[in-house]
Amino acid sequence: MLNRTTAPEFQAIDHINLIEPGHTVLPNGCQVYWFNSGDQELVRMEWIFGNLRFDVAKPLLNMAVNTMLTEGTSTLSAAEIADKIDYYGAFLQAEYGYDQSNLTLYSLNRHLDHTLPVILDVLTDSQFPEKELDTFIRNQQQKLQVSLQKNDILARRAFNKAVYGNSIYGQSAEAADYQQLQRADMLSHFKQMYQPANCTLVVAGKVDDDTLQRITSAFGSWTNTAEQADTTQPLLTPQTERFYFTEKPDALQSAIRMGIPMVNRAHPDFPALQVLNTVLGGYFGSRLMNNIREDKGYTYGIGSGISSLKHGGAFFIATEVGADVCRSAVSEIEKEINLLKTELISEGELSLVRNYMLGSLLGSLENVFSHADKFKNAYFSGLTYEYYTRYTHIIKTVTAEELRQLANQYWNFDEFYKVIVGKY
Numbered sequence: 059m060l061n062r063t064t065a066p067e068f069q070a071i072d073h074i075n076l077i078e079p080g081h082t083v084l085p086n087g088c089q090v091y092w093f094n095s096g097d098q099e100l101v102r103m104e105w106i107f108g109n110l111r112f113d114v115a116k117p118l119l120n121m122a123v124n125t126m127l128t129e130g131t132s133t134l135s136a137a138e139i140a141d142k143i144d145y146y147g148a149f150l151q152a153e154y155g156y157d158q159s160n161l162t163l164y165s166l167n168r169h170l171d172h173t174l175p176v177i178l179d180v181l182t183d184s185q186f187p188e189k190e191l192d193t194f195i196r197n198q199q200q201k202l203q204v205s206l207q208k209n210d211i212l213a214r215r216a217f218n219k220a221v222y223g224n225s226i227y228g229q230s231a232e233a234a235d236y237q238q239l240q241r242a243d244m245l246s247h248f249k250q251m252y253q254p255a256n257c258t259l260v261v262a263g264k265v266d267d268d269t270l271q272r273i274t275s276a277f278g279s280w281t282n283t284a285e286q287a288d289t290t291q292p293l294l295t296p297q298t299e300r301f302y303f304t305e306k307p308d309a310l311q312s313a314i315r316m317g318i319p320m321v322n323r324a325h326p327d328f329p330a331l332q333v334l335n336t337v338l339g340g341y342f343g344s345r346l347m348n349n350i351r352e353d354k355g356y357t358y359g360i361g362s363g364i365s366s367l368k369h370g371g372a373f374f375i376a377t378e379v380g381a382d383v384c385r386s387a388v389s390e391i392e393k394e395i396n397l398l399k400t401e402l403i404s405e406g407e408l409s410l411v412r413n414y415m416l417g418s419l420l421g422s423l424e425n426v427f428s429h430a431d432k433f434k435n436a437y438f439s440g441l442t443y444e445y446y447t448r449y450t451h452i453i454k455t456v457t458a459e460e461l462r463q464l465a466n467q468y469w470n471f472d473e474f475y476k477v478i479v480g481k482y
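Counting from 59, one number per residue, gives the positions in the sequence shown under the working numbering.
Dropping the structure here:
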């Protein structure tokens, strides 16, 4: 019988075992990676496309085209696409990201002969009907109007613009941008972007020879257009102004977002910076939470993070505090930054953070889909699984002195971009 009076023996995490993907290239240039695991007759397929070069004059094209992929083809209406997918117990979703846009299908293996032709139709013949486009524009403008009433969203928009400049990362939609969307532009964008040479297909679940054959049969004849997809992006140019304040006289809370451009996952310092960030504000027991939430009671929650994007990254701190304590909260944030630059982190605190980070990484690998997600994080950063070996090694071995040196190298509070929305 289990003795509940004795705690389980503590065991350190030695290494992380990741499922290695299979790989093939279809004749049309589409890269296919697959992860075979489990007995359930289920697969997740993700068609991932690099976003086209950002156009300041037409800033919403990447997002709008992806969002409207399933709104109709020459032979199927949006309702018919949804009905076909639903009839076979499948699930279809388009997801837009800064660097890539996805079309994701969850389907039972035995129904792939019925669901894959629908996907091929969507990826080769989306039409963006005028009626659906008008509805999309109207709905997005209404959502935007609601969002712009929220201080935290205003702060995030201003921060991204400051850190990333006039780029795909820094752009924030305005109502007029939606009104500029034209069906002809969307069709042209679609034909250049959604082609096999610009596609990586990641398949996870029960992926046997029969499944791979069905994929090849359905998508092997998918052809490229004459025009190659231009997925390059302009250089990021941060703003020169460092402080942005939007006053809201009636605000009960002020939104604070601050930070600085930062290295991304491909940089050698990234794993150690993640440890440093976790100490500062990356988990519930972090220093920012202990000070500003638990001790001062200024907020219900505060956190920090590092955004890793293909062409850049950013370190950020975000919170909403009582409007009357906004200045005090900013001062306390500066205090915690400076403490990490001047004092060594205790071994007890560092050990807690190491275990938290390794445990979180291990816990995130709950199924084959999670392994595919870890692969995508590395692959689209130009890395291999060696990244995770190095990541876990650095978490276990980085010293307090090395973390203090990193804090001094990367964190200059006077250089931080600081955004306040509310009262200050």
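Ideal Cβ placement from N, Cα and C applies to all residues, glycine included.
Only a predicted model underlies this, so the values are computations on that prediction, with no experimental measurement involved.
**Report entry** Start-to-end residues for the beta strand (DSSP E) that takes in V260
**Finding:** Start at 1 with the first residue of the sequence shown, and residue 260 comes out as number 202. Segment 257–263, the beta strand (DSSP E) holding V260.
Query - A309 and G147 closer than 7 angstroms at C-beta - result: Position 251 of the sequence shown holds residue 309. Position 89 of the sequence shown holds residue 147. Against a cut-off of 7 angstroms, the Cβ pair of G147 and A309 comes out as no contact.
**Report entry** Segment contact flag, the region 273–280 with the region 171–183, C-beta cutoff 8 angstroms, min 3 pairs
**Finding:** yes
Query raised in the report: Terminal residues of the continuous alpha helix (DSSP H) containing E188?
Result: As a working mapping, residue 188 is identified with position 130 in the sequence shown. From DSSP, the alpha helix (DSSP H) with E188 extends over 188–205.
Query raised in the report: Below 7 angstroms between beta carbons: does that hold for N335 and S362?
Result: Taking the sequence shown and counting its residues from 1, the one referred to as residue 335 is at position 277. Taking the sequence shown and counting its residues from 1, the one referred to as residue 362 is at position 304. Cβ distance < 7 angstroms, so N335 and S362 count as in contact.
Report task. Identify which residue in Q237, I106, L166, G380 has its Cα closest to the Cα of T357. Result -> Position 299 of the sequence shown, counting from 1, holds the residue named residue 357. Nearest of Q237, I106, L166, G380 to T357, Cα basis: G380.
Query - Cβ pair count under 8 angstroms reaching 3, the region 135–147 against the region 94–112 - result: no
Query raised in the report: Can you check whether the CB of V260 is closer than 7 angstroms to the CB of A430?
Result: For the purposes of this step, residue 430 is taken as the residue at position 372 of the sequence shown. For the purposes of this step, residue 260 is taken as the residue at position 202 of the sequence shown. Closer than 7 angstroms, so yes.
Query raised in the report: Any chance the CB of A122 is under 6 angstroms from a heavy atom of the ligand ADP?
Result: The ligand ADP is not among the ligands present in this structure, which contains no ligands whatsoever.
Query - Spatial distance of Y156 from D171 (CA atoms) - result: Looking up residue 156 in the sequence shown gives position 98. Looking up residue 171 in the sequence shown gives position 113. So the two alpha carbons sit approximately 32 angstroms from each other.
Query raised in the report: Per the contact definition of three or more C-beta pairs closer than 8 angstroms, is the region 384–394 in contact with the region 310–326?
Result: yes
Query - Span of the beta strand (DSSP E), counted from its first residue to its last, around P26 - result: Since the first residue shown for the chain is 59 and the last is 482, residue 26 is missing from the structure and cannot be characterised.
Requested in this report: Kindly identify the DSSP beta-bridge partner or partners of S165.
Outcome: Position 107 of the sequence shown, counted from the first residue, corresponds to residue 165. DSSP output for S165 lists V101 as bridge partner(s).
Query raised in the report: Who are the Cβ neighbours of L202 in its own chain at under 7 angstroms, not counting the five residues just before and after it?
Result: Position 144 of the sequence shown, counted from the start, is the residue given in the question as residue 202. If we look at L202 and ignore the five residues flanking it on each side, its Cβ neighbours are A231, A233.
Query raised in the report: Is it true that the CB of T269 sits closer than 7 angstroms to the CB of N167?
Result: To locate residue 167, count along the sequence shown from 1; it is residue 109. To locate residue 269, count along the sequence shown from 1; it is residue 211. It is a contact, given that the beta carbons lie within the stated cut-off.
Requested in this report: Could you check the C-alpha separation between I453 and R351 for me, to the nearest Å?
Outcome: Taking the first residue of the sequence shown as 1, we reach residue 453 at position 395. Taking the first residue of the sequence shown as 1, we reach residue 351 at position 293. Each residue's Cα considered, the two are about 26 angstroms apart.
Query raised in the report: Which residues in the same chain have their Cβ closer than 6 angstroms to the Cβ of M121, if we skip the five residues on either side of it in sequence?
Result: If you number the sequence shown from 1, residue 121 lands on position 63. Within the same chain, M121 has close Cβ partners Y154.
Query raised in the report: How far does the alpha helix (DSSP H) with L150 in it reach, from first residue to last?
Result: Mapped onto the sequence shown, residue 150 falls at position 92. Run containing L150: none in the alpha helix (DSSP H); it sits in the beta strand (DSSP E), 149–154.
Report task. Name the one or two DSSP bridge partners that H81 has. Result -> The residue given as residue 81 occupies position 23 in the sequence shown. DSSP lists Y91 as partners of H81.
Query raised in the report: Going by C-alpha distance, which of S422, L419, T457, V123 is nearest Y252?
Result: Indexing the sequence shown from 1 puts residue 252 at position 194. Of the candidates S422, L419, T457, V123, the one whose C-alpha sits nearest the C-alpha of Y252 is V123.
Query - Inter-residue spacing [alpha-carbon to alpha-carbon] between Q89 and D113 - result: As a working note, residue 89 is residue 31 in the sequence shown. As a working note, residue 113 is residue 55 in the sequence shown. If I take the Cα positions, the gap works out to 27 angstroms.
Query raised in the report: Would the beta-carbon of V221 fall within 7 angstroms of that of P319?
Result: Counting from 1 along the sequence shown, the entry for residue 221 is found at position 163. Counting from 1 along the sequence shown, the entry for residue 319 is found at position 261. Closer than 7 angstroms, so yes.
Query raised in the report: For P187, which option in V456, L119, R241, G80 has the closest C-alpha, if you only look at C-alpha atoms?
Result: For the purposes of this step, residue 187 is identified with residue 129 of the sequence shown, where counting begins at 1. Nearest option by C-alpha distance: R241.
Query raised in the report: Using DSSP with H/G/I as helix, E/B as strand and the rest coil, what is S483?
Result: Beyond the ends of the chain as shown, which are 59 and 482, falls residue 483; an answer cannot be given.
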